[in-house]
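Here's the structure we're looking at; comments come further down.
Residue numbers (our numbering), protein chains in the order written: chain A, 2 to 526; chain B, 15 to 151; chain C, 138 to 370.
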């Protein structure tokens, strides 16, 4: 084993020596195999000692480091950069968190803390000897296209924002409606398939009757919600039911019919298939106010379980009431209903007054919509996950509120969950920014801590292919699994699940992990 | 003097798992000094083999700590982690060994109280069942 | 493929308890794919047994390995030394592998670590269901591609039994009635006329009921001249 290890002991500005015997750690390090340099530092995060560290590293021809300090994120960026200058591979710099795993939480147990620190040092050294240098690669993006699925509020906002990055925005709008946005707008265009990975997607789109290929660096899904769909038992039973979106449009076009208008928070008051959505109150209040202003003589009811107008929309609640809109609160034990023999009369028990109201309907307008059926098609085309209620699912919130789990694919607006126009536009901007910035990079970087298949061991069982959220494993031309490194995120899920142990994760191999674990268990407790 | 300290190994993901441990420490929380942590990129990387080997190598109890399932950095990693732990528990049960010795936990990086609670739980398990057996402890 | 399931570990531990040196042999083929006996399962089993031995204070040497396909003598022969060096071999392959080792080393003890199983397909990741029982005379071209021998609890040949209700089997309400499925399939294919034709009683002699079966390909067999000099017969 030709490892040449440098051990750095950071005192964390004297926090560490208050509890631990640094001299003992130094001695243990210098007496360990492959350790050519041991340095004790005051404050690695400060940066001032880095020059000293790399000077020594260069002289001793160090190729890897074990650093006893605090959390990786705080220490490593500057350290790795410094080490790079003297040829130490970034993946051979191991940070051991002595501060938060030993010094801080075991303040009253000096002896045991010392034993733990020593064991952690030996364990890190054992692992270090097994590590391999890893290189990252890069690949040019074939296009600067940001493809935006949907030319609605969110899609247009996304295009506008993305365009600021000098990329080429292409909106796929499934209808023929006019869309105001920079870049290209393709009417009657839908996304039906896509291969590839973030930076280099190969999409398949249908434009009118023909199928076309379209390359993309990043994709924004802004396909909206099922605004025209009414799903729910009550909506089915009522004569004159309409989704809020449709009523709003009719109101604008002066096409509403006469008669009482009842706004309801959801077409599914029992809440079995559709929850009341956040935007429902704001948009309902706005529309009710507009209606009352235009047609003051029309009786307007707003029927709801809870009134959750957001922020300043609370004032709309007040305004609506002052304009004569009648608010009726119900609860799920007695939901509004229509008699099947008379579908134009709505019965509802008003919780506040205690009265049973019978309202003769003109129109009944429902907020809260199901997800758009387009989501299924898009999710299958790009193989991204959906939520249980049919929306495009967001990835971990750590990756941002508009990112899907697939790098390079973003989602915004009502495709994510139904929301008001303002919020949809804001999300569109966010997604556009991310997609535009991503595409503007011009190339993608990958590699380093990624998975690799040893094909002789592979049973081609497809378990890895089915498990990976990023489509990195695939069955290649040798009829064995291969890893598409550009897509691999280095999580190791496929590695942990492979029944034939054919896949390893670089620098987190079974041998490395179990050696670390075994060494940790070997010391004093 | 016989060493009766619990030997506990924790496999923590380098996202929320480790973050929760770090935050606990930074918040001044104290916990059992015989915990030894192994960091992995994601609890989805944890193999049932790693857990069993840790028990073989002397651990009295092993826990796996990952992101909350709905917020896993790698989307489905901590779900996988849970399944692996579940399978090992099943194996231990079949052999008449205490399945409580192996446990899956989830945390968000902002939960400063979770990590000490996890350690305390595992310490209780070891107190209740003692070392696995055979070795002079 | 062949689908097998690992025996309960207490059963395995009991089987192996009297022996001092155990070798566990897995397989990279069917049992790896159905997650019962691949390298991972072997390693986990070995580790679990060692932990159990710690509990019981038992001194036992256990090691494990994997071969490509345990039902092929050539592959088994590659690990002959490891097999013969042990007191007992636990096969983590299907019974075909366990028996192959047994046949090759008849004085040696070879025990099955798995319960084999069935011919099954992965319905989804982690779920394998039986689709064929190897009756030796396939008739699925007359049943829309669905096998009534395997999928009907009573192996009916001419439609469902009287207990079929709501498209479910009366023997197990969670199982679809195979004949309901066959009907739907034939309807889809516009071949419902097939259901109306009567299939006579099955000749089971081609199935296992007719005794152990041997399939041969004359043109693939090695002639005595070819066999000369080849170590494995």
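In this text, a Cβ means the ideal position worked out from N, Cα and C, and glycines have one as well.
- In the structure shown, the three-state DSSP call for residue 181 (chain C) is helix.
- Nearest to residue 31 (chain A) by C-alpha distance, out of A:93, A:85, A:119, A:96, is A:119.
- Straight-line spacing of the CA atoms in residue 72 (chain B) and residue 522 (chain A) works out to 6 Å.
- By the beta-carbon neighbour count (other beta carbons within 10 angstroms, threshold 16), residue 42 (chain B) is exposed.
- Close to residue 447 (chain A), with beta-carbon spacing below 7 Å, lies no residue of chain B; the smallest spacing is near 15 Å.
- Under the DSSP definition of a beta bridge, residue 411 (chain A) partners with A:221, A:404.
- In chain order, 7, 38, 66, 84, 87, 89 place their CB closer than 8 Å to the CB of residue 58 (chain A), counting only its own chain and leaving out the 5 sequence neighbours on each side.
- By the criterion of at least three beta-carbon pairs nearer than 8 Å, the segment 128-135 of chain B is in contact with the segment 38-52 of chain B.
- Comparing C-alpha distances from residue 268 (chain A) to each of A:370, A:258, A:178, A:241 shows the shortest one belongs to A:370.
- If one requires a minimum length of 4 residues, the alpha helix (DSSP H) runs lying completely within the segment 74-137 of chain A are 111-131, in chain order.
- In this structure residue 449 (chain A) is not in contact with residue 21 (chain A), their Cβ atoms being roughly 32 Å apart against a cut-off of 8 Å.
- Closer than 8 Å at the C-beta level to chain C, one finds these residues of the segment 61-73 of chain B: 61, 62, 63, 66, 67, 69, 70.
- Of the other Cβ atoms in all chains shown, 16 or more fall within 10 Å of the Cβ of residue 93 (chain A); this residue is therefore buried.
- Shown here, residue 352 (chain C) sits in coil according to DSSP, grouped into three states, outside any helix or strand.
- By the criterion of at least three beta-carbon pairs nearer than 8 Å, the segment 250-257 of chain A is not in contact with the segment 210-226 of chain A.
- For residue 132 (chain B), no chain C residue has a C-beta closer than 8 Å to its own C-beta; the minimum C-beta separation is roughly 22 Å.
- Between the C-alpha atoms of residue 199 (chain C) and residue 190 (chain C) there is a straight-line separation of about 10 Å.
- Inclusion of residue 227 (chain A) and residue 372 (chain A) in the CB contact set at 8 Å is warranted, their separation being smaller than that value.
- Closest in C-alpha terms to residue 202 (chain C), from the list C:196, C:209, C:182, comes C:182.
- Chain A has a Cβ within less than 8 Å of the Cβ of residue 52 (chain B).
- Distances from the alpha-carbon of residue 357 (chain A) to those of A:368, A:338, A:363, A:367 put A:338 closest.
- Segment contact: the segment 462-474 of chain A against the segment 427-447 of chain A, fewer than three CB-CB distances shorter than 8 Å; contact not assigned.
- For the pair residue 216 (chain C) and residue 18 (chain A), the Cα-to-Cα distance works out to about 55 Å.
- Residue environment for residue 148 (chain C): exposed (fewer than 16 other C-beta atoms within 10 angstroms of its C-beta).
- Cβ-Cβ distances below 8 Å link residue 54 (chain B) to 25, 26, 27, 28, 60 in the same chain, with the five nearest sequence neighbours on each side left out; the list follows chain order.
- Nearest to residue 164 (chain A) by alpha-carbon distance, out of A:432, A:215, A:460, A:97, is A:432.
- Comparing alpha carbon positions, the residue from A:50, A:142, A:215, A:230 closest to residue 199 (chain A) is A:142.
- Those residues of the segment 143-154 of chain C placed with their C-beta closer than 8 Å to a C-beta in chain B are 145, 146, 147, 150, ordered along the chain.
- For the segment 116-135 of chain A, the residues whose beta carbon sits under 9 Å from a beta carbon of chain B are, in order, 116, 117, 120, 121, 124.
- Each of A:29, A:131, A:322, A:392 was checked against the Cα of residue 3 (chain A), and the nearest Cα belongs to A:131.
- Listed by position along chain A, the residues whose Cβ is nearer than 8 Å to that of residue 55 (chain B) are 450, 491, 492, 493, 506, 509.
- At least one CB atom of chain C sits nearer than 8 Å to the CB of residue 146 (chain B).
- The Cβ neighbour count for residue 78 (chain A), taken over all protein chains shown within 10 Å, is under 16; the residue is labelled exposed.
- For residue 184 (chain C) against residue 50 (chain B), the beta-carbon gap comes to about 18 Å, at or over 8 Å, which does not count as contact.
- Our two residues, residue 405 (chain A) and residue 414 (chain A), have alpha carbons roughly 13 Å apart in a direct line.
- For residue 408 (chain A), not one C-beta of chain B is nearer than 8 Å to its own C-beta.
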